[in-house]
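Residue numbers (UniProt numbering): 1 to 265. Just so it is clear, CB atoms sit at the ideal spot from N, CA and C, and this is done for glycine as well. One structure is given below, encoded as structure tokens.
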């Protein structure tokens with residue numbers, strides 16, 4: 001997304017927010033017009049609260065009239081909510097005009113030109129604005145301690161993996177801005193497993209991605225089948241929240257893209 005498009009998207013969000021504020025104002029004002037006359041005041045005497053209604057005729061106590069108090073309280077709340085939104089709407093309109101002018105100026109700077117070239121190069125990943133996803137990605141987690149020296153392939157996000165195939169998967173996930181952990185520890189029935197990729201999808205659910213690169217090896221194949229059975233017992237099911245790939249799948253980058261789209265990662 002180029003700078004110009006980023007600016008337009010932000011402006012669209014601001015205008016959308018302003019539109020929601022105006023819609024809320026319309027709803028609140030409609031309810032306010034149906035409120036009874038008079039204003040509510042609360043006074044404290046000897047630790048107790050007393051409710052009074054101020055109207056044209058003067059001031060009178062309404063502490064004994066719960067229905068009246070409830071309606072006047074609601075009216076006071078509506079007044080406050082309306083005023084807060086009026087302040088936001090008035091100032092936001094001014095801010096939007098100022099921002100639009102500033103954005104036009106920014107688009108003409110050298111910085112905007114550089115950003116345009118960066119975006120067109122395809123070597124950029126937009127920052128993750130999902131706080132929960134960012135916290136999940138950055139928190140510490142236990143990793144597979146087995147032969148860390150075999151992690152010799154560096155992915156685009158800086159994670160070291162054990163095979164070229166895993167690098168391809170990791171790079172695609174990174175390109176698609178999918179949050180993942182490599183060989184993160186999970187416990188199933190007291191047993192420790194280290195899936196190749198543990199993925200947090202946008203809904204907040206967990207998806208496991210296992211790449212089986214040595215299925216021709218009998219021992220490896222048996223271990224893989226045992227692992228899949230344990231995953232199944234833990235609620236991870238293929239085509240739902242468990243992705244399984246082999247070397248044939250990695251031959252086509254389009255295949256990896258389709259998998260990511262299919263699971264809405």
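Roughly how many angstroms separate the alpha carbons of residue i and residue j, rounded to a whole number?
i: residue 205; j: residue 104; result: 40 angstroms
i: residue 168; j: residue 137; result: 19 angstroms
i: residue 23; j: residue 33; result: 16 angstroms
i: residue 179; j: residue 240; result: 18 angstroms
i: residue 242; j: residue 220; result: 19 angstroms
i: residue 80; j: residue 11; result: 28 angstroms
i: residue 39; j: residue 97; result: 37 angstroms
i: residue 3; j: residue 106; result: Confidence in residue 3 is poor, its pLDDT being 46 and thus under 50, which makes the residue's placement unreliable; the coordinate value appears in the next sentence. Cα to Cα, the separation comes out at about 9 angstroms.
i: residue 144; j: residue 174; result: 21 angstroms
i: residue 255; j: residue 237; result: 20 angstroms
i: residue 1; j: residue 261; result: Low confidence applies to residue 1: its pLDDT is 43, below 50, so where it sits in the model is not reliable, and the reading given next is rough at best. Going from the Cα of residue 1 to the Cα of residue 261 covers about 19 angstroms.
i: residue 208; j: residue 18; result: 40 angstroms
i: residue 246; j: residue 195; result: 14 angstroms
i: residue 234; j: residue 188; result: 7 angstroms
i: residue 156; j: residue 182; result: 13 angstroms
i: residue 62; j: residue 94; result: 42 angstroms
i: residue 27; j: residue 84; result: 14 angstroms
i: residue 56; j: residue 90; result: 31 angstroms
i: residue 46; j: residue 66; result: 21 angstroms
i: residue 249; j: residue 29; result: 59 angstroms
i: residue 142; j: residue 213; result: 23 angstroms
i: residue 251; j: residue 200; result: 25 angstroms
i: residue 134; j: residue 154; result: 21 angstroms
i: residue 43; j: residue 49; result: 6 angstroms
i: residue 86; j: residue 152; result: 59 angstroms
i: residue 115; j: residue 149; result: 37 angstroms
i: residue 101; j: residue 117; result: 23 angstroms
i: residue 223; j: residue 132; result: 34 angstroms
i: residue 216; j: residue 244; result: 16 angstroms
Sort out for me which residues DSSP pairs residue i with in a bridge.
i: residue 182; result: 197
i: residue 238; result: 242
i: residue 58; result: 55
i: residue 274; result: Here the chain has residues from 1 to 265 only, and residue 274 is not among them.
i: residue 96; result: Partner(s): none; residue 96 has no beta bridge.
i: residue 24; result: According to DSSP, residue 24 bridges with nothing at all.
i: residue 40; result: 53
i: residue 262; result: In the DSSP output, where bridge partners are listed per residue, residue 262 has none listed.
i: residue 76; result: DSSP output for residue 76 lists no bridge partner at all.
i: residue 48; result: 45
Please name the residue, chosen from the options, that lies closest to residue i on a Cα-to-Cα basis.
i: residue 253; options: 164, 201, 194, 235; result: 164
i: residue 230; options: 193, 25, 244, 49; result: 193
i: residue 159; options: 149, 150, 170; result: 170
i: residue 203; options: 263, 9, 51, 44; result: 263
i: residue 147; options: 46, 155, 162, 84; result: 162
i: residue 185; options: 140, 224, 153; result: 140
i: residue 20; options: 172, 88, 135, 223; result: 88
i: residue 227; options: 217, 135, 191, 258; result: 191
i: residue 210; options: 222, 197, 216; result: 197
i: residue 259; options: 134, 172, 43, 225; result: 172
i: residue 16; options: 102, 37, 92, 43; result: 92
i: residue 257; options: 109, 177, 131; result: 177
With a threshold of 8 angstroms between beta-carbons, can residue i be considered close to chain B, or not?
i: residue 137; result: Chain labels in this structure do not include chain B; a single protein chain is all it has.
Would you grab the beta carbon distance between residue i and residue j for me? Rounded to a whole angstrom, and I think it's under 8 angstroms.
i: residue 69; j: residue 51; result: 5 angstroms
i: residue 75; j: residue 35; result: 4 angstroms
i: residue 82; j: residue 14; result: Not quite, the Cβ-Cβ distance comes to about 21 angstroms (not below 8 angstroms), so this is no contact.
i: residue 72; j: residue 59; result: Not quite, the Cβ-Cβ distance comes to about 13 angstroms (not below 8 angstroms), so this is no contact.
Report yes if the C-beta of residue i is less than 7 angstroms from at least one heavy atom of the ligand FMN; otherwise report no.
i: residue 168; result: As for the ligand FMN, it is missing from this structure, which has no ligand bound.
Enumerated in chain order, which unbroken segments of the beta strand (DSSP E) with a length of 3 residues or greater are wholly contained in the stretch 187-236? 191-193, 197-200, 206-212
Report the residue ranges of all alpha helix (DSSP H) runs contained in full by the stretch 128-166; include only those spanning at least 4 residues, in chain order. 131-138
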